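In the working numbering, each residue's number is its place in the sequence shown (first place is 1) plus 2.
First up is the structure itself, then whatever we jot down about it.
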Amino acid sequence: MSPMTHIWFFLLRDTFEEVVKMTSKGHRRASLKQLKQRLMGPAENALIATSQQHLGYMKVGEVLHLQGPYIPIENFISAVRRLQLRHPFLRSRLESNPAKPGTYLLQEDHSLDLNVIELLRNRSDHANFWREQWKIREKEPAVVGQGLAEFWLLQDPNDDNDDNSPREIVVICEHSICDGLSLSTVAHELLLSLSEDNTNMFETSLNWPITMEAAVRRTFTKWNRVRKYGKFIPTALYWRATSCRRTVRIPLTPAHDSTSEMAKNCQTEAFYGRLNKEATNNLLEKCRSEGVTMTSAIGSAVLCAISKLVNTKKEHVDELVLALTADTRQRCNPQIPNHDLSFHASATMAFTMPKREIPTTSEGMWKLAMTFGTHLKNSLDAGHIHVLAMMLGRLYQKNIHQPNYAEVPTCIISNWGRLPFQEQYGQWQLIDTTPFLNLILTVMPYIFVQTVNGNLTIGIMGSVPTMSSNVLEDLCNGTIRNLFFND
């Protein structure tokens, strides 16, 4: 067994011991207390520590591209404040947990003023001004004593009398308090608040959201958790021992001496491929005719595209490894509603395929989508998503100080699915939405997938100059091309 496999063994063993000790009763008792604070869970704590130590790494956001009348900043602030009344995390300050050093809690404070700002721009800059501002501000870390969300309003002051001008709203949260589904749901609610539509939802506060780990614990009995974990251990160790050492990746610039140097010198770059409703529907029909899901089709298209971009030393043994994040909300009992602003993002077992077997034809790509889909179903049915949900805190913690880049996959896909937006919010039309993330320490392409009002968006993101902007753009274009390529 290699040294790194030994590390994985002890990581699995330690998490297994926690699974054995955990019961659901502790959470039920705590949930009955009407406290003004909420302890962060293991994954949430690790994400906070990561943000603090690495300049906001993993902070996540969504741009809402609107068209309509001028938005007074006072109205925007009022809309955010109504949102704070509904969501406990948005009216809480990050505090250190005095009972356990190195961990955190959120302290409710109704006087908390989140960072709500108006950024003035020229109308001609509406498409890319948010990108420039994100590059300036993405490295702001989580701060003890402050809130963990911020809101931007971008518009041209000269368009105050134009009722059909582009406006942008940017919603940003620390990843410790959100995932793609809950962030998008809160962004949707912000637009409802701004348009003063369905304001009844803001009259009553939601309860503190449950942690991902607690949601998994109450879903299964202790015995079922132990059984799932027992089945997962040999699978994980075998995969770790046989696959990671042969993983191929896209070309990278020479490594930085430390993660702090990399965080300081890199920026997140993103490229987006967008399909209109007609093209999205055509792709859905193609997926149905091939008997695969949209996620499987996109995963296959990504693998085929990235296989042409990776460094290869020994093609007969080199392998592509595709990781896929997975939503745990709908796979817990009871289910976690999307409006609970919180982190509930786990993963499936990574998909591995030798580079020499990656197809080069459209027919082969759709067959690969079927194979990939079978792998995902088997991983989900085996409960890997729940086991990894219990492990994520330790995995994140393990990589806080010096991530082991030899262990990362070729790329990772995060599919946010169909998001709850609507096309019209009062006087404003929602033209599009754009997801983004602070990925300054990432050494693999991060692929976002989301569908909004019938329009599919695929975003390819990574750290530049560690990764080449040209390679990221080629991967984006190649993925879209593969989805519609005919032999």
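Ideal Cβ placement from N, Cα and C applies to all residues, glycine included.
Note that the coordinates shown come from a computational prediction; the quantities given were computed from them, not determined experimentally.
Per DSSP, W136 lies in no beta strand (DSSP E) segment; the continuous alpha helix (DSSP H) that holds it begins and ends at 131 to 139. For H67, DSSP records a beta bridge to E170, D434.
Annotation: S98 is outside any alpha helix (DSSP H); the continuous beta strand (DSSP E) that includes it extends over 94 to 98.
DSSP places N457 inside the beta strand (DSSP E), whose first and last residues are 457 to 466.
Of the candidates T206, G480, D162, N160, the residue whose Cα lies closest to the Cα of T362 is G480.
For C306, the closest alpha carbon among the candidates D329, E365, Q429, A272 is that of E365. Residue environment for D162: exposed (fewer than 16 other C-beta atoms within 10 angstroms of its C-beta). Rounded to the nearest angstrom, the Cβ distance from K357 to L322 is 6 Å, consistent with a contact under 8 Å. Assigned with DSSP and collapsed to three states, Y72 falls in coil, not helix or strand. Residue burial is scored here from C-beta neighbours: F78 has at least 16 other C-beta atoms within 10 angstroms and is therefore classed as buried.
Burial state of K266 is exposed, judged by a 10 Å Cβ sphere holding fewer than 16 other Cβ atoms. By the Cβ rule, the segment 205 to 222 does not count as touching the segment 450 to 467, because fewer than three pairs are nearer than 8 Å. Leaving aside the five residues that flank K141 on each side, the residues in its chain whose CB is nearer than 6 Å to its CB run, in chain order, L57, G58. If the five residues before and after S167 are omitted, its C-beta is found closer than 6 Å to the C-beta atoms of D161, all from its own chain and listed in chain order.
With a 10 Å radius around the Cβ and a threshold of 16 neighbouring Cβ atoms, Y448 comes out buried. In this structure K61 is buried. Its beta-carbon is surrounded by 16 or more other beta-carbon atoms within 10 angstroms.
The beta-carbon distance between A151 and I174, rounded to whole angstroms, is 7 Å. This is short enough to meet the 8 Å contact definition. Straight through space, the alpha carbons of Y398 and S53 are spaced by roughly 11 Å. Contact annotation, D158 with R123: C-beta distance approximately 6 Å; criterion of less than 8 Å satisfied. Rounded to whole angstroms, the gap between the alpha carbons of V294 and L37 is 46 Å.
R251 is positioned such that its CB atom lies closer than 7 Å to that of V312. If you look at V218, you'll find it in the alpha helix (DSSP H) that goes 214 to 221.
In this structure, DSSP gives W154 an extended state, which the three-state scheme calls strand. At least 7 Å separates the beta-carbon of P422 from that of H177. Going by DSSP, G480 is part of the alpha helix (DSSP H) stretching over 471 to 485. Taking 3 residues as the minimum length, the beta strand (DSSP E) runs contained wholly in the segment 236 to 306 are 269 to 277, in order along the chain.
Pairing L474 with I462 gives a Cβ-Cβ distance under 7 Å. According to the DSSP assignment, P356 belongs to the beta strand (DSSP E) that extends over 353 to 356. In the displayed model, G428 falls within coil according to three-state DSSP, outside both helix and strand. DSSP places T363 in the coil class of the three-state scheme, outside both helix and strand. R396 and N99 have their C-alpha atoms roughly 18 Å apart.
In this structure, R331 places its C-beta atom within 7 Å of the C-beta atom of H346.
Under the 10 Å beta carbon count, R242 is surrounded by 16 or more other beta carbons and is classified as buried.
Per the coordinates, the alpha-carbon of M355 lies some 25 Å from the alpha-carbon of T255. The closest CA to that of D434, considering only P44, I402, E64, V304, is found on E64. Residue burial is scored here from C-beta neighbours: E170 has at least 16 other C-beta atoms within 10 angstroms and is therefore classed as buried.
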